[in-house]
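Peer 1: Residue numbers (this note's numbering): 30 to 285. Every residue, glycine too, gets a C-beta built ideally from N, C-alpha and C. None of the values given here were measured: they were computed from a predicted structure. I am attaching a structure below and will ask some questions about it afterwards.
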């Protein structure tokens with residue numbers, strides 16, 4: 030239970046002082062009654078709050094899935110260019126969401142945004158082994174030895190050895206691949222292929238943990254996560270998962 034003025038101030042309809050004036054003016058209703066006490070305590074999830082008859086969104090957390098286009102930084106603000114927050118409606122910006130991890134400015138695809146710091150931390154922490162799936166267009170055809178090298182862990186230009194990764198060739202010419210990793214290092218996918226002597230020309234994230242990029246979500250579009258999608262994410266970090274394991278006979282990663 031929280032104070033009424035705190036609930037409404039957190040909903041960004043005004044400061045606590047301004048909210049108290051709204052209550053004094055009789056413009057705030059809680060459920061079916063006009064509010065008179067700014068210190069009265071309510072449940073933001075169970076009670077409904079209205080300003081001049083319009084329902085006020087008093088949720089504490091918000092969870093969004095965005096199909097990020099190129100040209101946007103995965104940040105909340107930047108002095109030199111557009112950020113993914115610019116793609117959100119004002120009613121969602123009011124929750125002060127932030128990206129879950131990052132996608133490079135020129136990378137497209139699935140990006141989650143939330144103001145739930147606890148869930149965000151778990152989703153981006155390598156210790157939880159959350160899969161990130163990318164579709165990449167390569168300059169040169171993927172070579173046969175890429176599989177084994179990726180499984181053993183690519184060594185980047187700063188001598189960091191990546192966790193095992195899985196690659197699947199998607200096109201006949203070998204230049205379109207799908208890559209599954211469990212980390213989110215700076216420019217990681219691009220640097221992994223550079224370490225293999227290749228170059229990523231185009232990159233799209235198509236999966237994050239249990240979620241896939243919705244087919245009906247166009248570039249630049251977003252929506253709130255459905256209850257079942259949010260529950261899948263919560264379950265994914267409820268118990269520490271095992272890292273991807275190498276199955277040498279099958280030459281693939283075992284995610285069981």
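1. Kindly indicate the opening and closing residues of the alpha helix (DSSP H) around residue 231.
2. So for residue 57, helix, strand or coil by DSSP?
3. If distances are taken between C-alpha atoms only, which option among 246, 212, 180, 116 comes closest to residue 225?
4. Kindly list the residues whose CB is nearer than 8 Å to the CB of residue 102, restricted to its own chain and excluding five residues on each side of it in sequence; keep chain order.
5. What span of residues does the beta strand (DSSP E) with residue 30 cover, start to end?
6. From the DSSP secondary-structure annotation, give me the bridge partner or partners of residue 94.
7. Starting from residue 220, trace the alpha helix (DSSP H) both ways and give me its first and last residue.
8. Taking its Cβ as the centre, do 16 or more other Cβ atoms sit within 10 Å of residue 184, making it buried, or is it exposed?
9. Between residue 90 and residue 174, which are expected to be in contact by the criterion C-beta below 8 Å, what is the C-beta distance as a whole number of angstroms?
10. Any contact of the stretch 204 to 219 with the stretch 48 to 63, i.e. 3+ C-beta pairs under 8 Å?
11. Does the structure place the stretch 43 to 53 close enough to the stretch 66 to 83 that three or more beta carbon pairs sit under 8 Å?
12. From this set, 200, 192, 71, which residue's C-alpha is nearest residue 35's C-alpha?
13. With distance defined between alpha-carbon atoms, name the residue in 131, 267, 88 nearest to residue 41.
14. With burial defined as no fewer than 16 other Cβ atoms inside 10 Å of the residue's Cβ, what is the status of residue 100: buried or exposed?
15. Output yes or no for whether 8 Å exceeds the beta carbon distance between residue 105 and residue 232.
16. Work out the CA separation of residue 246 and residue 253 for me, nearest whole Å.
17. Whole angstroms is fine: what's the gap from residue 158's alpha carbon to residue 80's?
Peer 2: This is what the structure holds:
1. Here residue 231 belongs to no alpha helix (DSSP H); instead the beta strand (DSSP E) covers 229 to 237.
2. In the structure shown, residue 57 sits in a strand (DSSP, three-state: E or B).
3. The shortest C-alpha to C-alpha distance from residue 225 to any of 246, 212, 180, 116 is the one to 180.
4. 110, 111, 112, 113, 134.
5. No beta strand (DSSP E) contains residue 30, which DSSP labels as neither H nor E.
6. Answer is 141, 252, bridged to residue 94.
7. Counting along the chain, the alpha helix (DSSP H) containing residue 220 begins and ends at 217 to 224.
8. Per the 10 Å Cβ criterion, exposed.
9. Not really, about 45 Å apart at Cβ, beyond 8 Å.
10. Not touching, per the Cβ criterion.
11. With a cut-off of 8 Å, the stretch 43 to 53 and the stretch 66 to 83 count as touching, because enough Cβ pairs lie within range.
12. Answer by Cα proximity: 71.
13. Ranked by how close their Cα comes to the Cα of residue 41, the residues 131, 267, 88 have 88 in first place.
14. Label assigned to residue 100: exposed.
15. Result no, Cβ atoms of residue 105 and residue 232 do not sit closer than 8 Å.
16. Their backbone Cα atoms lie some 12 Å apart in a straight line.
17. Cα to Cα, residue 158 sits roughly 44 Å from residue 80.
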